[in-house]
Structures are given as C-alpha cells and as structure tokens.
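There are 4 protein chains.
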Amino acid sequence: MPEKIPEKMKAAVLCGPDDLQIKEVDVPSPAPFEVLIKVMACAICGSDPTVIKGNWPNQPPFGGFTPGHEYSGQIVAVGPNVINFKVGDRVAIETHKGCGYCENCKRGKYTICLNYGKNETGHRHYGFTTNGGYAQYVVNHVSTLYKIADNVEFDEAALVTTAACVHFALDNLGGLLGGESVAVLGPGPIGLMAVQLVKALGATKVILTGTRESRLKVGKEVGADVIVDINKEDPIEAVMKATDGMGVDVVIECSGSKKAAEEAFQMPKRGGRISLIGDPHEPVTVNLRKFVLDDLRAAGVRGEGMGDCKRSLALFSAGKIKAKPLITHTFPLEDVNIALKTYMERIDGAIKVVIHPNG
Amino acid sequence: MPEKIPEKMKAAVLCGPDDLQIKEVDVPSPAPFEVLIKVMACAICGSDPTVIKGNWPNQPPFGGFTPGHEYSGQIVAVGPNVINFKVGDRVAIETHKGCGYCENCKRGKYTICLNYGKNETGHRHYGFTTNGGYAQYVVNHVSTLYKIADNVEFDEAALVTTAACVHFALDNLGGLLGGESVAVLGPGPIGLMAVQLVKALGATKVILTGTRESRLKVGKEVGADVIVDINKEDPIEAVMKATDGMGVDVVIECSGSKKAAEEAFQMPKRGGRISLIGDPHEPVTVNLRKFVLDDLRAAGVRGEGMGDCKRSLALFSAGKIKAKPLITHTFPLEDVNIALKTYMERIDGAIKVVIHPNG
Amino acid sequence: MPEKIPEKMKAAVLCGPDDLQIKEVDVPSPAPFEVLIKVMACAICGSDPTVIKGNWPNQPPFGGFTPGHEYSGQIVAVGPNVINFKVGDRVAIETHKGCGYCENCKRGKYTICLNYGKNETGHRHYGFTTNGGYAQYVVNHVSTLYKIADNVEFDEAALVTTAACVHFALDNLGGLLGGESVAVLGPGPIGLMAVQLVKALGATKVILTGTRESRLKVGKEVGADVIVDINKEDPIEAVMKATDGMGVDVVIECSGSKKAAEEAFQMPKRGGRISLIGDPHEPVTVNLRKFVLDDLRAAGVRGEGMGDCKRSLALFSAGKIKAKPLITHTFPLEDVNIALKTYMERIDGAIKVVIHPNG
Amino acid sequence: MPEKIPEKMKAAVLCGPDDLQIKEVDVPSPAPFEVLIKVMACAICGSDPTVIKGNWPNQPPFGGFTPGHEYSGQIVAVGPNVINFKVGDRVAIETHKGCGYCENCKRGKYTICLNYGKNETGHRHYGFTTNGGYAQYVVNHVSTLYKIADNVEFDEAALVTTAACVHFALDNLGGLLGGESVAVLGPGPIGLMAVQLVKALGATKVILTGTRESRLKVGKEVGADVIVDINKEDPIEAVMKATDGMGVDVVIECSGSKKAAEEAFQMPKRGGRISLIGDPHEPVTVNLRKFVLDDLRAAGVRGEGMGDCKRSLALFSAGKIKAKPLITHTFPLEDVNIALKTYMERIDGAIKVVIHPNG
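Protein chains in written order, with this note's numbering: chain A, 1457 to 1815; chain B, 1457 to 1815; chain C, 1457 to 1815; chain D, 1457 to 1815.
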C-alpha cells in the first residue's frame, strides 16, 4: 500500500545570503509530466555554496527557495501524463531540464538550453532556479528521472551527476579510446570519479594530480596509476615523465584552480585533448602556441548531459565505478548547515557529504 | 490589427482508406506552448499516399483526422507559455516533435523518439499521428516552428523539410566535406534538393541518376554535374567513369527503389559513405563484401531532425538552395484530390505539388 | 651479445593451391625502415585458408610466398633509418602497411590504401601480398611494429590484431559509450575478443550469440552477460528480451554468416549502430525499412587500423582483455598443416591455433 | 619532348639571419618516391620571416638551405617508384610530409608527426626543415603533390595551403554545417580565404573583423556579410549585434593577435566552436568561465592536413573559392628580398606576394 503523503514537510529554505533555515512548508504537487519524490539522499556539490550565497544567475528570491541538486529518492505520487514511471520507483535525478524546443535542446544540448532560468518556458535547473532536494519531498519532471537498479543504494545514486558530468565531458571531447592515457587534475569528488570512469572506459594510464595527500590516497585506491603531489613535484614534468616525454592523450581539469587550468594546456601529447570541467572563476593566462602548433582540442562542460545519467547508473550497477569511497559523511536534514561547513572546510577529511532528509 | 479567427474552417478529413473529403470543422485552439497557424501552403509528400491509404502506424481513426505535413503559414493566435513567437510571424514547420524526455530525445534524436505516436507523452507527428496542414488552420507546438525570412515565400518554405531531411541525412553520415564527390540516386523532390544542398555545402562533383528525362533535366539546371539516365547507362559504371574508377565519396539514395538501394552499396570509393533516405519497401539483396573490405559506412534517415529546418531556411534565404524549380503545380484546398492524383501519377511533369488552403 | 642470424631458415612456402610446404629458404635482409624479426608465435586467422587456396587478390605467385599474418617475435636486425626500434625489442606486428601517400593513407585509413597490393608503391600486406610469419624470420616495415610490454607473452601478442580489428570496428562506428548494450554475433576468436573489449570499454550488457556450446561457454567466462544458442532460441527475440524490447545500442557481426548479417540489421534500438566485421561471402537480403526509419548506422571494417594495435596491447598489458582463453592449441612450424586442419575443422574444440616457428 | 633539365639553377639561399641571397646551386635529383619540380610560383607566407630569421625549430644550417613552402610548378623528372605522377604534370604541393609510421601519422595527423624535423625518419617540412620553393627547381615526395586542374593557374595553386589550412581547421572542429554563422578574425590571406571557404561550405552569415580598411574591403568583395573595423567598433559587441545577441556558431581566429585570441573565446553562442589558426606568440589571458558553462569547444591547427589540399584545389577549380583577389604583387626570384619587404611591410596594400622563379 502506498505511503501516505503528508501535507507539510521540512525543507532547507534559503532566507538570505548564506542563511539556510529548516522550515515547515507545503509538500508540492506534481503537475503534468511531473512526479513527487520522497528524497532519500541529497549530496552537497561544489556549486552549492555559490547558490547559498545567492549568487547563481536566475535563482529564485530568498524566502521560498530550497537548493540541493544531487539527490535520489522514491516516487510517491505521479502527475498527469506520466507513463514511464510509477509510485514506488527508486530514482536518481539530473539537475537540468531544457525547454525542449530551443535550438540547443533540439540538438540534445539541454544543459546549455537557450532559455536557461526562464521557468515559464519549461526550463528547470533543480536546486538552482527551482526548488531542489534539501527537503523531504520535491517535484521533478520526468525528463530528469532515472531508475536505479536494485543493487545501487540511494547514497550512491545521489552522486550520479558527478559521474555523468565526466561522462558528458568525454562526449564533448569526442569520446575516450581504449588504451589512452589520461591526466586528471584535482582529486575532489569529480576528479576521483573521473579516475574511475576513465579506467572503466579503457584508459590504461591515469595520472592524478593534487595537493591533499588523503585525497590522492583515495585516488590511488580507486585506480589512479600515478599520483602526483603538486606541492612536491611539478605536475607538467610528472605527466611527461609518466608518458615517456610525450604527454597524455587526454587531460581532465576538475580542480577549478587557475594554475591547473593553465597547466592543462601544456600536458597533452601532440593532437591531444583537454576537458575543462572546473570553472577557474578568474582569468587564466595560457600559452596557446602549443595549442595551435600541436593541433590540440579543448571542450568545456557545464554538467551532466545527453542522458548520460542513465549510462553512469549502468556503470554503478555493474560495479565499474563506485560512489562509496567518496562519501565520507552523512547528516540528517536538520544538520544541513553543519553538513555544508563540513564539506566546505573539508573537516575531518570530508570529500562528499550527503544529507538524509528522511532519516 | 490582427485578423479575426473564424470558428469554423475547411479541412481535408480522411474518412476512410483513400477517402479524403473537404469538410467544415472547428478551428482548433492552441494549448500551452502551441500556436494557431493560418496555413498558406502545404506541399504533398511521398509519404502522404501511405497515410491517406490509412497505413501509417499510430495514425488517428478515420473521420477526424487531417493529413498534410509540409506546410507554412502565419501565426494568428498563441497559447499560454509561448514567448518566442507572436501573432503575425510567418513560419515553416517541421513534422516531428519528440516527447522531449526519452533517451533519444535527450540526445537530440527526436525524429526517432521512443514514444512515437503516443500523443499523451507529448509526442506529435503532424499530419501523421495528429492533425496536419491540409486545412485552413492548424495548431503546432513551438518546438516545430521556424521563422521565415522576408525574402522566402510560403510556397518555398513549405518545402523546408525536403531540404532539412537531406541536411540531417548528411549529419547522420558525419557531415559532407568541401570538394567531395556525391552520387544522388533518384531525381524526385528530395533528390533534386539533395543536388542543390550538397553543391551549397561544397561538393564539387555531383552525379544524378534516374529514369525520367524531364526530372534529370531539372537536376542539371539546379547544379548536377553529370546526369545519368539509368535506362540507357549502367549507373554504377557511370559513377565509376565520372570518378576515374574510384567511386564517389558519398552516395545519397533518394529513390526508394530496390535496385537503387542495392546499387548504392557498390558506388562509394574505399572508405566512402552511403545515406539511405528512400525506404525500399521490400527486402534488398546486397553484396556486403565491398562494404566490409572497403570500410564503408551507411546511415538511414527518417526525416528532418536536429533543428535542421533552421539551417535549411537560412540557405533558402541566402539563395543557395531553391524550392521553386521543384514546384510544378499549385491547387486550392478544394482540389486536394486532384492535387494528389497529379502528384502521384506525375501528371504533366509534376514534381512537387502545393495546396493553398487559404486561396 | 646479440644472437647470430643464420643464412638459411625454415619457412612454410605456398607451392600451389592448398599446398603449403616447409622449405629451407634464405633469411631475408631488412631494407631501409625495415627490421628482421625472429618469429616466436604466429596465429592462424580465418582468412588464412583463403590465402592458402591461392584466392587472395594480388597475392604473390606460388613457390616463393610464405603466408601468416598474426605474429610476434624479437627484433634481431635493423635496416637503415630505423630509429625507434632496436635489436632485442619484443614486438607484435600488424598486417597492413599503406603506401603512405594516397588519399586514404593521408587520412589515416591505411588498411584501405588505394594502392593495395602494389608493392612498388610501398604498400605491404604481410602474409597476404608479401611474405608473412609462417617462417623463422620475417622482415617488417617499422610502420607495422608495436613494442610488447614485459608482462605480455608472445602468444598473446600474436593475437593483437584480433583485438585491434574490433577496436577499429568501434572507431568506424564513432566509438562505444560507457553503459551501452552490445550484441556480439559469432563466438569465434574475434567475437570472443569483442566481448572482452566492449566490456573493457564500459559496455554493461553484452549478449553473445552462436551455435557452439563450447565457444559460448568461453564467451560466458570472458564476460558475456547473456549467451544465446541460436539453434535453441531466435537471436533477434533473445536480444529484444535482454533489452526490454528496445534492442541494443551496438551490434557487432563477427560470424561472417549470411543469416547473422541479415539479423544484425534487426537488432539495434532506434538510433543504434551495426558493425560488420564478418564478410558473408554471399549476398545478404536485408529489410532496410528499419534502417531508414530508425536512423540506424552501419560500418564495415577490413581489419585493424589507426594504430589500434598499440591501444590493444595496452589493454593486454593492463589485464583488461586476455588472449589466452582463446588459444587452444600450439604447434611447431613443421606441423603447420596439422595446425591449419585443427583450426579449420575445429578439432578438439580448437578456437585459436598458434604456430611456434622457433620451437 | 620533355624540357632539358639544367645542372645548375638559381636559388634563394639562407646564409645567415635575415640574409637571403640568390646563389647558383646544383639542381637536386629525385630519390625514390620523389619528383623534381620546376617551380612556377612560390608565395610568401606569414611564417617565412621567422624562418628567414633562422628561428624555426630544426631548420637546416645557414648556407645550404632554401626556404619557401607555398609553391606550384611542373614535374620535370621523376625518381624511382613514382607511379601516380609523370613528367609534365602540373602540381601544387603541401608543406608537411610525415614520417608515415609514428602514432600520429598512422591516424592521418601527419602535420603533427612525432618525428617532426628528423629527416632521417622520412619526415619533411619543405621550406622549413628541408629545401623549399624559392628556387628554380625543388624535389618533393609524392606524398606532398596534388595535380592542378587545367583551369587553375600556377599562381592560384601556390595558395592551396592557405585554403587547405582553413579546411583542416574546420575538420579539427568537427566540420562546418550549412546555415551556420561564422566570425573570421583578421583579414590577412588566411582570413580572406576563410571567408570564402566557409561561404563555399554553406555558412550563411560571415562576420569579418580587422583593422585595415583596404583588407576589410576585399573581405566584403569575397563574400563577408558584415565587416567590422575594430578600431571603430568593439568586435564582441559587433558579433553579438549581427547574431541577435546569441553569438556565432564558429569563430576562426586568423590574426595571431593576442587581443583577437582573447576575444575569440567570448564570441561563440552557447555550444559554439573556436578555431585557433593564428599563433599569438605571447600568452593570452582568457576568461574560461563562458568556455566551461557554455560547453564551448576549441581546436588549434598547425597547417593543412588530411590531404585537404586536394579538396581545396577542387574548390578552386569549381570557382567556389578564389586566390586571385588575394594576390597583389608578383616578383621574379632575383627580387625575393624586395618581395619579402613588400609582404612584411604591406607596401602598396600588399596582401599575398608571389615569386616567379622561372620568369
């Protein structure tokens, strides 16, 4: 018998810059093509602090907005016209839903929808420009739902976009080939997932660079062949050394550091590719000479796209990539501010911190 | 001042197999994200006879269904949530609107939506599985609308999918390169547009094959470098002769003939590509040896996709491709059955026949 | 101290149709850009019987030609201008060397060199149009050499093109994406390698079809998720069942059977891809309707290309794909005819049979 | 009767930094796979001054080296193993010949050959690391030869790499689509050719930016839809204005200016692409935020590749692109230093300057 849905729920409401408060609010109702999800896990992402400061473009006004965009849960109600999902389904979600009809959406590029942030066009960016998962319940459009295999836990599934973002980053580069070498810059959640993903896709030499020994150690455990502490070793030299002086086939910049972004352009072999996932928030100074003379290619990536969450969940279910080594802390919804502090200040070796809104 | 919209209109209603009747019916109202179009031109397509026979998968029951899927007109009313279009806009339409959230739609492949024909999912195939343009008015989702430049007439714009289909066929092959050679099989509307399009995209040698002298002559006029009457000359030999025995870079099969489809596999140079636009309605017998040993590639194409109507209209406006040489006849809506007969029996050299529902 | 190179060696010389004789012949000398290899392992390939019958295009005259094209060994001498290889290097070879300057070679498509079989242009197809590896020594151009990691044995390395051919087949399809589903048709050496390779590249559901229980069992052991005995089960239905009625993302036809080639076109999901590796030596009858309406794509593949042997060897070394489960028999060079009979008649469950020309 | 080849010829020999002298030297002899060309036209390229300063990596020692790499002429002798060319053929050449067997060459990326500058490996970069076309005769490997159609003059053909470089730049971006918008930065020879090429390949809106009115005027004449004098107008704003605030599909940076390279990253629409042809010789400071958040892609290009000279010559012959509007001056070989000065100082509106070594 389906669980009864309450009228009220707890949600973390953004009441002002850096002022996230647990409030009792109405449980939302699913409109056509929408479902109501009971949120079982919502992970904290590197972009959450920006949102919580109130600095995200097109974010809703303070007082009525709940952030959180990496979540999973169980469908407890479905709106009209929902045919592929039913009450009881365990689902992970992706954050972007395009308008569906702009020039980019029609080419499958819904993460860069030209109607970004305009809810009236049908666009949604859950947890950014519309309510998200730091709540007991949330409504999501069917476009953002992915069924979870029985052997994947909610906590893992909440990290699906971490993997899908890297998946899509590789799509934007034209794919990864089996037997290629990859440098992953930055051993944060995305970097640690990138290491696993490129290994699962056939990379045979993966070099992970970073500054924190504890994270590099996790990188080693999840498959990095070479780890480089950039406080002790020059990362460009380390990459060259690990590749007989040739450079790598692919660089994946995950750190968002200015220095790493600059170095990324010097690491590929002639004809190599660079994926920029991290946003270095400040101008970078790049020597483009190598880029031009060596026919390098680069691609940015905003986030998961092309339905890659489905493919990422398949790899979770097959055991080829793992979220658990990245999840260091979990908190109940009430402790969302402690959770955020733990994540942001990397307290106690925090890598990925997950909220459990329903206990 | 906007034109008054009547309550009733004339429409060609499919009342039974091959039984298309002009009826007076209600003018439809646009729902959210939809507009009402006053149809100025609706061209007859090669798939219309199949629909009018009642043989299209998922087509609506007889008695309440209006076919016609190649049309253009003027927006006379907009439904809720329409922000990019307004009353007065001149628009061309494309026939497919995907559900927007299945695996294929999310990759931009809405013409092969996995929810094809299920209107409740949001899918639409105008003139096939929902009402189309053989009527004075029609509603269309914003996803299917493309603004027409001032210098493009309604009749021309009605043929946008003829061009977009070839555009998308090339997309599915990975694109055309400047300076390549192309064999176009079949001098029907699609073939004659293909000749123009590949020329506009940089092909330097285009060979057109067919059986009708009059159509081949049009092909020559619109840019074919070599025309081959296959009643007089073996088309494979003709292609080889025109390419110093190497074969062409690209074959575009537009005829839907079994024989042409079979020959298409023997025409490319080593490493060449084959686009199959025509559906040969019967099994074809192919020698795959060359396909395997010469690393050939082939791609099918259902119809226009990826928003290629926009790109096709840009080429119309720039004068790089032309619809007018293909339009041989126009008829008022009342004469829809004569128009169909003219088209199907190619009476009086008919190539493309256009209906004018509003005079 | 480098080993002394003898003046004479044993080689299997093709003296007439199906008449392979062990002869004493001169050890060849490497020309510029060539090396002399002491052959340690040479595997029998499915195309060898055609060559030994004398039916390969451009093959040398009987009496002076040694076949064999899947081999590995040690460099014992280098010709002028060889700078990247030295005496003592353990190498695997690929069979194709393009002329290097035709239109295809300049695009990296040397397996479909336009100067195929013309030795005077610099083209080589070792074991087909020039001497190969059923001999104690062989000369190879540096273009065909790949260093073997210490942890890869000669027997394994001899199978590198079996893997590289599948690698290249995927390249020709535009790559495999992590989390995709794949049907592999035919559990011969290529099919059994394909199963492993697509798993190593992130496929999460692999369906292997065939007729021999023993080979399907090996398929299961090397990673197939579903095996289908097509004598007991309809393969198209089995594929649909395993994919919730959707069809697979990718079909790889490895059997060369007419029936399998025909069925391959019915197995993909809408928008799926088909790789044709097997050459069905007779015309196949295909219903192209699905191909056209579902935007399917297909690509043939002649053999290993694009330097994919390097990437395949990297996967061998990383333990991600394995050759040993496929190698059922080894023979000394003297027993080459017994080896061929064992392979061709699949005696004693033979899958891959390897010759050891130097004991 | 073939022309008699003299033993001695005139050549511009680089005798020291910026010290180019006309000398009498031996006419070279073609080795296997080489031909001897009587040079009819050799254009000056933007990289020539660097070479003439002596600053190119791996360039030969002063005293025995003749630069010049954009040339055309007639074959007057052929070496051994040349089968596709004969005495009397009119040919254009490309500058790069890869070793043919390194990892990049085997993927068709011979312009970024891993054995660059090592002549003993078979690599050649004519006019850079081996003798070029500022001479009456030159030897070239068959890999670098392209036959010229009868309707293309030697002067035009000498500019083939100017076009092929842009062709290859587009290849590296994944191609241009018909109906796309393009910003070309820099109205030098490459920019003016880029304008023509993208128009020939179906671009419908081309915006050309630069500082020199005379060159912008030529740009207008050869097809630019919008020209922008960046001394009078902000180029980013101008691009936005011309594209309804969306940005262009493709930016091609041809100027080599630091400022232009920086601005190139701000001009594409969401999901757009950037080609970097110009080498900005100094670090550029780029805001990568848009690159990451808008899924932009960029590709560098060293020079013509993939045999694109063939495709470019086909477009010359078809009249789709023209070299003549770019050729402002011609000089005999004796005046090579005046020619260089004219080119470098843009004397008398010089755009492209061509040397005629044989009168």
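Ideal Cβ positions, reconstructed from N, Cα and C, are used throughout, including at glycine.
Straight-line gap, residue i to residue j (C-alpha atoms, nearest Å)
i, j, result
"B:E1870", "B:Q1530", "Since the first residue of chain B shown is 1457 and the last is 1815, residue 1870 of chain B is not available in this structure."
"D:A1613", "D:G1519", "29 Å"
"D:R1563", "D:R1580", "18 Å"
"C:P1736", "B:E1719", "18 Å"
"C:S1768", "C:D1681", "22 Å"
"C:P1536", "D:F1772", "41 Å"
"A:D1474", "A:I1708", "31 Å"
"D:T1586", "D:N1596", "10 Å"
"D:D1750", "A:G1647", "20 Å"
"C:E1490", "C:I1539", "10 Å"
"B:N1511", "C:E1693", "25 Å"
"C:I1461", "D:T1577", "26 Å"
"C:E1669", "B:L1752", "33 Å"
"C:D1705", "C:V1674", "23 Å"
"B:P1645", "B:T1618", "7 Å"
"D:E1790", "D:S1503", "20 Å"
Own chain, CB closer than 6 Å to residue i, minus 5 neighbours either side, in chain order
i, result
"A:T1660", "G1635"
"C:R1671", "P1643"
"B:G1734", "E1709, C1710, S1711, G1712"
Continuous alpha helix (DSSP H) stretch holding residue i: start and end
i, result
"A:R1671", "1669-1677"
"B:K1542", "It is not in any alpha helix (DSSP H) - B:K1542 carries neither H nor E in the DSSP assignment."
"C:C1621", "1616-1628"
"A:E1801", "From DSSP, A:E1801 is part of no alpha helix (DSSP H); its letter is neither H nor E."
"A:F1610", "1610-1613"
Cβ-based neighbour list, residue i, same chain, cut-off 8 Å, excluding 5 preceding and 5 following
i, result
"A:T1567", "H1552, G1554, F1624, R1758, G1759, E1760, G1761"
"A:T1667", "D1685, I1686, N1687"
"C:A1656", "L1771, K1776, I1777"
"B:N1575", "T1585, T1586"
Reference residue i; option with closest CA among the options
i, options, result
"C:V1483", "C:H1812, C:L1752, C:K1466, C:C1471", "C:K1466"
"C:I1470", "C:G1583, C:L1641, C:I1683", "According to the sequence displayed, residue 1470 of chain C carries Leu and not Ile. Per the Cα distances, C:G1583."
"D:V1651", "D:D1611, D:E1738, D:L1782", "D:L1782"
"B:D1764", "B:R1753, B:L1641, B:L1615", "B:L1615"
"C:V1543", "C:P1486, C:K1746, C:L1664", "C:P1486"
"A:N1607", "A:R1546, A:C1621, A:M1649", "A:R1546"
"C:Y1590", "C:A1795, C:A1755, C:L1653", "C:A1795"
"A:V1594", "A:V1534, A:K1676, A:K1714", "A:V1534"
"D:P1505", "D:P1488, D:P1516, D:G1524", "D:G1524"
Cβ shell of residue i (< 7 Å), same chain only, five flanking positions each side left out
i, result
"D:P1513", "G1573"
"B:P1788", "H1812, G1815"
"B:A1806", "T1784, H1785, T1798, Y1799"
"B:I1569", "The amino acid at residue 1569 of chain B is misidentified as Ile; the sequence shows Cys. Excluding positions up to five away in sequence, the list reads G1554, C1555, C1558, N1560, C1561, H1579."
Start and end residues, beta strand (DSSP E) containing residue i
i, result
"D:V1810", "1808-1812"
"D:V1507", "D:V1507 -> not in any beta strand (DSSP E); alpha helix (DSSP H) instead, spanning 1504-1509."
"D:Q1530", "1526-1534"
Distance cut-off 7 Å: residue i Cβ against heavy atoms of the ligand ATP
i, result
"D:N1560", "As far as ligands go, the structure on display features none, and thus does not contain the ligand ATP."
*Looking at C-beta atoms only, is the number of pairs between the segment 1624-1634 of chain C and the segment 1729-1736 of chain C that lie closer than 8 Å three or more?*
Here the segment 1624-1634 of chain C lies against the segment 1729-1736 of chain C, with 3 or more beta-carbon pairs under 8 Å apart.
_Contact the segment 1495-1503 of chain D vs the segment 1808-1815 of chain D: 3+ CB pairs below 8 Å_ = Per the Cβ contact rule, the segment 1495-1503 of chain D is in contact with the segment 1808-1815 of chain D (3 or more Cβ pairs under 8 Å).
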